[in-house]
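Residues in the sequence shown are numbered consecutively from 1, following UniProt numbering. Okay, so here's the structure we're looking at.
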Amino acid sequence: MAFQKAVKGTVLIGGGAIATVFGLSQFSQYRNKHGAFVNVQAAEAVTVPIKNTFPTREEQILALQTTSEFDVLVIGGGATGCGCALDAVTRGLKTALLERDDFSSGTSSRSTKLIHGGVRYLQKAIMKLDFEQYRMVKEALQERANLLEIAPHLSAPLPIMLPVYKWWQLPYYWVGIKLYDLVAGSQCLKSSYVLSKSRALELFPMLRKDKLVGAIVYYDGQHNDARMNLAIALTAARYGAATANYTEVLRLLKMTDPGNGKERVCGAHCRDVLTGQEFDVKAKCVINATGPFTDSVRKMDDQEVPNICQPSAGVHIVMPGYYSPDNMGLLDPATSDGRVIFFLPWEKMTIAGTTDSPTDVTSHPIPTEEDINFILNEVRNYLSVDVEVRRGDVLAAWSGIRPLVTDPNSKDTQSISRNHVVTVSDSGLVTIAGGKWTTYRAMAQDTIDAAIQAHDLNAGSSKTIGLQLQGAEDWSPTLYIRLVQDYGLESEVAQHLASTYGDKAFEVAKIAQVTGKRWPIVGKRLVSEFPYIEAEVIYGVKEYARTAVDMISRRTRLAFLNVQAAEEALPRIVDIMGKELNWSEQKKKEELEAAKKFLYYEMGYKVKSDQLTDSSEITLVPSDIERYKKRFHMFDKDKKGFITILDVQRVLESISVQIDEKTLHDILNEVDLNKNGQVELIEFLQLMSAIQKGHVSGSRLAVLMKTAEENLGQRVVIPVDRSGGGL
């Protein structure tokens, strides 16, 4: 009854606010109606032919070296840079793109994975009567609809629950979310709705029950960000853009304009990072789309130019999938320090974030223990006391740098713009900065419009609205069934391939190896608990992957889902890539070490492993210490004070269990803190203490020793696969 009254009150309170914003929304829609009508079929107006396949990287490098002059040269292979290349090439402009690392290697692969308008920005727009913020949300919601349409295999609508714990908040949040629907207009994914307490707990059983009043559910989009970025790059390449990763701009080229005597940017001197070869790329217009590195390229043009980028670090963590329902996210609208935290299902795991703190610009941002614990504490506030949120369940963590900018054209140059900013320098360098993932296409359109105007390029209007990306053309929700039926792939693997490659999944299936089993017929997994298969490594090389890091983080997403699984897959990945790219044994060793370093620092392996160190405090009670000593000495028969692989093998043989030596080595190595090939008693006690405190979970050695102790004398199956827990 109380819930029904609250809902009625919500409707009455919200009516006036909705009516107010409705007029604003209608005015904006009226202004944009004609333009939207003209552009709705923009993709159909593309006259540039699209190739069935994209060129090899070697062919792309050759095109960069031999083309006398491009119309547009884009620096930066993130979402915005690739979007600029696609927008330019589909207008008929001769286009080149240079990326010094891999496509999406920076911020574009380290997002919250949401395609959204920004609920909090709409709140600020209304509270401060800020039309610019409102316009940004409106634009983002339009772009959200377009992105879901042009890459349906990589994106999908996601319901997000906003739990309410105070009665007065129900009308407040309901009005805000309804306004969000209203601003989206005809492009609203699904209408938001209010849930009773019981219904909210039914849909999100992990939710904290105490004082829960009800919940509001609204819809936004979710995507595979790195694969989406890659799809944009590959689509641009198929339309004829000369796109090259691992090609670094060393300096900008300039010439004197004969008309006015001024210096003009006319290209870039660059270096192929993989071969060391240097060459010039000439262009009528150069576009700076380098995200957090915006100012470094601007200073190549003019050393005296003031910085406009104010970088902010956002940390995310990944936890096992059982922390959230399969198809329902959670929004914490007001954290302890006023930030917003999302808690979302993603790739059958749970992603939580983000933080927001000032940082230095770096190519290798590192997540901190402080940020990880902040997110965990906020998650604990919203989950049931029955759910123990353990530090050891953090499977991966990463930091991304948001390129927030101040508008140099604004009177208040200290004010941070949440929208994107396009500037043209005196020498003609076009810079696009700021914005968000969702609006990459609109940002690219504005950038190319500015480039055409500033450099008098011969091109028409943008044609990227509705332009399908790589893999979208013949994709359907049931495509995976054909993969199962035609090739004999596991259903989980087939679904993964269909949602990653779209209609190009058949190309991956064709090169999948025969397993030698009755089922599946083809498709050898890289690691047992994830649907990634070896054929994806071969195909990833075709997609311009050139390092092991490319493969574990952006062609597959293993590094973002579970750093231990990624490390386990690395040797096989390096072997396959070595064959495809003719790597020497030394090169393979270097790639393996570089990838491990990436996992250790950038994907949270270091902060995970720091939970169990040789200085970890042992907080076990005496009875527990004696119990664990007894278990340890069951393996250490000789009272050496340590156990080795031979000790573990001897015990397992006595109970007729066989585990291969490599697996045993990996299991012991997880606990061997001083890396001397053996596990000392003190290390084992530190492990058990860390497990008790929740700092470590899923230790295979702990499970193996406990199971062996309980079943000594009888034949048992001892699990050695990783659990859902972290290190």
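Each residue gets a CB set at the ideal place from its N, CA and C atoms; glycine is no exception.
Smallest Cα separation from residue 330: which of 144, 218, 511?
Nearest of 144, 218, 511 to residue 330, Cα basis: 218.
Per the contact definition of three or more C-beta pairs closer than 8 Å, is the segment 237 to 255 in contact with the segment 270 to 277?
In the pairwise beta carbon analysis, the segment 270 to 277 is classified as touching the segment 237 to 255: at least three pairs are separated by under 8 Å.
Same chain, Cβ closer than 8 Å to residue 710, neighbours up to 5 away in sequence not counted
Around residue 710: no qualifying Cβ.
Same chain, Cβ closer than 6 Å to residue 578, five either side skipped, listed in chain order:
Excluding its 5 nearest sequence neighbours in each direction, residue 578 has C-beta neighbours in its own chain below 6 Å: 588, listed in chain order.
I need the straight-line Cα distance from residue 516 to residue 509, nearest angstrom please.
Approximately 16 Å, taken between the alpha carbons.
My understanding is that residue 374 touches residue 355, with C-beta atoms under 8 Å, so please give their C-beta distance in whole angstroms.
Correct: roughly 6 Å between the Cβ atoms.
Report, in whole angstroms, the separation of the C-beta atoms of residue 149 and residue 466, which I expect to be a contact under 8 Å.
Yes, residue 149 and residue 466 are in contact; Cβ-Cβ is about 7 Å, under 8 Å.
Proximity below 8 Å, CB of residue 641 to CB of residue 670
No, they are not a contact pair.
Is the separation between the beta-carbon of residue 454 and that of residue 424 shorter than 8 Å?
Yes. Within cutoff.
DSSP three-state call for residue 691: helix, strand or coil?
The answer is helix: DSSP assigns residue 691 an H, G or I state.
Since residue 621 and residue 635 should fall inside the 8 Å C-beta cutoff, what is the C-beta to C-beta distance between them, to a whole number of angstroms?
No, residue 621 and residue 635 are not in contact; Cβ-Cβ is about 22 Å, not under 8 Å.
By how many angstroms is the C-alpha of residue 462 removed from the C-alpha of residue 39?
Here residue 39 scores only 42 on pLDDT, less than 50, and its place in the model should not be relied on; the value that follows carries that caveat. In a straight line, the C-alpha of residue 39 is about 8 Å away from that of residue 462.
For residue 308, which residues of its own chain have a beta-carbon under 6 Å away from its beta-carbon, when the five flanking residues on both sides are left out?
Cβ neighbours of residue 308 beyond the five flanking positions: 405, 406, 408.
Between which two residues does the alpha helix (DSSP H) holding residue 785 run?
The first residue shown for the chain is 1 and the last is 727, placing residue 785 beyond what the model contains.
Pull up the CB-CB distance for residue 389 and residue 73, whole angstroms please, since I reckon it's below 8 Å.
With 8 Å as the limit, residue 389 and residue 73 do not qualify as a contact, their Cβ atoms being about 48 Å apart.
Are three or more beta carbon pairs between the segment 194 to 202 and the segment 221 to 229 nearer than 8 Å?
The count of Cβ pairs closer than 8 Å, one atom from the segment 194 to 202 and one from the segment 221 to 229, stays below three, leaving the stretches out of contact.
Looking only at its own chain, which residues have a Cβ that is under 8 Å from the Cβ of residue 299, when we skip the five neighbours before and after it?
Correct list, in chain order: 305.
Beta carbon of residue 814 nearer than 8 Å to that of residue 349:
Residue 814 lies beyond the range of the chain shown here (1 to 727); nothing can be said about it.
Taking 6 Å as the limit between beta carbons, can you name the residues of its chain near residue 237, skipping five residues before and five after?
Hits under 6 Å: 54, 243.
Start and end residues, beta strand (DSSP E) containing residue 398:
Bounds of the beta strand (DSSP E) holding residue 398 are 396 to 406.
My guess is that residue 261 and residue 314 are in contact by the Cβ rule of under 8 Å, so how many angstroms apart are they, rounded?
Residue 261 to residue 314, Cβ: 45 Å. No contact.
Could you give the DSSP three-state label for residue 124: helix, strand or coil?
Helix.
Just list the residues that DSSP pairs residue 341 with in beta bridges.
In DSSP, residue 341 forms a bridge with 332.
For residue 639, write down the residues that DSSP places opposite it in a beta bridge.
Residue pairing for residue 639: DSSP places it in no beta bridge.
Assign residue 646 to one of two classes, buried (16 or more other C-beta atoms within 10 Å of its C-beta) or exposed (fewer than that).
Sixteen is the threshold: since fewer than 16 other Cβ atoms of the shown chains lie within 10 Å of the Cβ of residue 646, the residue is exposed.
Comparing C-alpha positions only, which one of 45, 601, 90, 57 sits nearest to residue 444?
Residue 444 has its Cα closest to that of 90, out of 45, 601, 90, 57.
Put residue 366 into one of helix, strand or coil per three-state DSSP.
It is coil, neither helix nor strand.
Inter-residue spacing [alpha-carbon to alpha-carbon] between residue 326 and residue 157:
Rounded to the nearest whole angstrom, the CA to CA distance from residue 326 to residue 157 is 13 Å.
Please tell me whether residue 650 and residue 705 are closer than 8 Å, where the distance is taken between their beta carbons.
No, these two residues do not count as a Cβ contact at 8 Å.
Per-residue DSSP class, three states only, for residue 246:
Coil, per DSSP.
Suppose you measure from the CA of residue 656 to the CA of residue 692; what does that come to, to the nearest Å?
Distance between the alpha carbons of residue 656 and residue 692: 30 Å.
Residue nearest to residue 376 in terms of C-alpha spacing, selected from 335, 357, 366, 359
If you compare the alpha carbons of 335, 357, 366, 359 with that of residue 376, the shortest gap goes to 335.
Residue 320 by DSSP, collapsed to three states: which one?
Coil, per DSSP.
Could you compute how far the alpha carbon of residue 658 sits from the alpha carbon of residue 666?
Cα atoms of residue 658 and residue 666: separation of roughly 15 Å, rounded to the nearest angstrom.
Nearest CA to the CA of residue 441: which residue from 708, 115, 606, 92?
Here the closest residue by C-alpha is 115.
Suppose only complete runs of 4+ residues qualify. What are the alpha helix (DSSP H) ranges in the segment 220 to 266, listed by chain order?
Listed in chain order, the complete alpha helix (DSSP H) runs (minimum 4 residues) inside the segment 220 to 266 are 225 to 238.
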